[in-house]
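Chemist: Okay, here's the structure, questions in a sec.
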């Protein structure tokens with residue numbers, strides 16, 4: 001099984017890492033657990049998890065890391081948490097500017113909608129020039145507080161209506177990260 005894996009991890013503090021991962025292999029997470037910290041947060045874009053074989057791989061991955069890894073003899077304790085966003089992480093960015101439950105056919109249509117509120121490109125050059133997406137969105141009329149509230153609303157509607165599209169658990173992630181900074 002040869003799956004291409006891309007991961008970006010950023011140190012948050014106190015041995016906590018924030019990982020944005022796509023097609024994460026469990027061996028990669030196992031490596032990170034052994035060498036990096038007590039918490040790993042994985043953002044999972046769900047745009048390809050509704051179809052096989054990705055759905056099964058993702059379910060296996062979640063099951064493998066459902067309980068904290070605790071190996072006292074090796075000095076390892078790590079909790080892996082998964083935070084899903086459908087269609088992709090840009091859904092949470094869209095929530096900075098307002099709520100939507102619209103079904104997006106693909107990432108490009110979501111980015112086009114986001115561009116109605118703020119200029120956004122999914123390029124390294126853009127990320128560098130923005131000098132941090134959070135501050136960029138706030139400088140351009142967005143609000144993290146609004147994004148968190150909208151993400152929470154999306155999850156309530158998802159559960160209430162058994163909806164499998166247009167939702168984000170990243171509001172929960174932001175709250176979890178806030179608990180580590182206190």
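Residue numbers (full-length UniProt numbering): 1 to 182.
Backbone N, C-alpha and C define an ideal beta-carbon position, used for all residues, glycine too.
1) Our contact map puts residue 80 next to residue 97 with C-beta atoms below 8 Å; I'd like the distance itself, whole angstroms only.
2) Residue 83 and residue 169: beta carbons closer than 7 Å?
3) Please return the same chain residues whose Cβ sits closer than 6 Å to the Cβ of residue 164, not counting the five positions on each side in sequence.
4) For residue 44, which of 87, 124 and 78 has the nearest alpha-carbon?
5) Measure the C-alpha to C-alpha separation of residue 146 and residue 50 and round it to an integer number of angstroms.
6) Enumerate in chain order the residues of its own chain whose CB-to-CB distance from residue 58 is below 8 Å, with the five nearest sequence positions on each side excluded.
7) DSSP three-state call for residue 101: helix, strand or coil?
8) Whose C-beta lies closer than 7 Å to the C-beta of residue 140 among residues of the same chain, with five residues either side of it excluded?
9) Excluding five sequence neighbours on each side, which residues of the same chain lie with their C-beta closer than 8 Å to the C-beta of residue 133?
10) Check whether the Cβ atoms of residue 150 and residue 99 lie closer than 7 Å to each other.
11) Go to residue 159, then tell me how far its alpha helix (DSSP H) extends in each direction, as first and last residue.
12) Please classify residue 21: is it buried, with 16 or more other beta-carbons within 10 angstroms of its beta-carbon, or exposed?
13) Kindly indicate which three-state DSSP category residue 45 falls into: helix, strand or coil?
14) To which residues of the same chain is residue 171 closer than 6 Å at the C-beta, ignoring the five residues directly before and after it?
15) State buried or exposed for residue 142, treating a residue as buried only when at least 16 other CB atoms are found within 10 Å of its CB.
16) Indicate whether residue 158 and residue 167 have their beta-carbon atoms separated by less than 7 Å.
17) Check the DSSP bridge columns for residue 80 and list the partner residues they point to.
Modeler: Let me spell this out:
1) On the chain shown, residue 80 is found 80 positions in, with the first residue counted as 1. On the chain shown, residue 97 is found 97 positions in, with the first residue counted as 1. Contact doesn't hold; Cβ gap of about 31 Å is too wide.
2) For this step, residue 83 is matched to residue 83 along the chain shown. For this step, residue 169 is matched to residue 169 along the chain shown. For residue 83 and residue 169, yes; Cβs fall inside 7 Å.
3) Numbered from its first residue, the chain shown carries residue 164 at position 164. None.
4) Taking the chain shown and counting its residues from 1, one reaches residue 44 at position 44. Ranking 87, 124 and 78 by Cα distance to residue 44 puts 87 first.
5) Residue numbering aside, residue 146 sits at position 146 when the chain shown is read from its first letter. Residue numbering aside, residue 50 sits at position 50 when the chain shown is read from its first letter. Answer to the nearest angstrom: the Cα atoms are 28 Å apart.
6) As a first step, residue 58 must be located in the chain shown, where it is residue number 58. Hits under 8 Å: 44 and 49.
7) The sequence position of residue 101 within the chain shown is 101, counting from 1. The answer is coil: DSSP assigns residue 101 none of H, G, I, E or B.
8) What you label residue 140 is simply residue 140 of the chain shown in a count that begins at 1. Answer for residue 140: 118, listed in chain order.
9) Residue mapping note: residue 133 aligns to position 133 of the chain shown, counting from 1. Correct list, in chain order: 93 and 127.
10) For the purposes of this step, residue 150 is taken as residue 150 along the chain shown, with counting starting at 1. For the purposes of this step, residue 99 is taken as residue 99 along the chain shown, with counting starting at 1. Against a cut-off of 7 Å, the Cβ pair of residue 99 and residue 150 comes out as a contact.
11) Sequence index remark: in the chain shown, residue 159 carries index 159 (1-based). Looking at the DSSP string, the run of the alpha helix (DSSP H) that includes residue 159 is 144 to 161.
12) Here the question's residue 21 lines up with position 21 in the chain shown. In this predicted model, residue 21 has a pLDDT of only 47, less than 50, meaning its place in the structure is not dependable; the value taken from the coordinates is given anyway. Label assigned to residue 21: buried.
13) The residue you call residue 45 lines up with position 45 of the chain shown. Three-state result, residue 45: strand.
14) Within the chain shown, numbered from 1, the residue matching residue 171 stands at position 171. Around residue 171: 148, 151 and 152.
15) On the chain shown, residue 142 is found 142 positions in, with the first residue counted as 1. Buried, by the Cβ-count rule.
16) Counting from 1 along the chain shown, the entry for residue 158 is found at position 158. Counting from 1 along the chain shown, the entry for residue 167 is found at position 167. Yes, these two residues count as a Cβ contact at 7 Å.
17) Translated into the one-based positions of the chain shown, residue 80 becomes position 80. DSSP, once it has assigned bridges, lists 40 as partnering residue 80.
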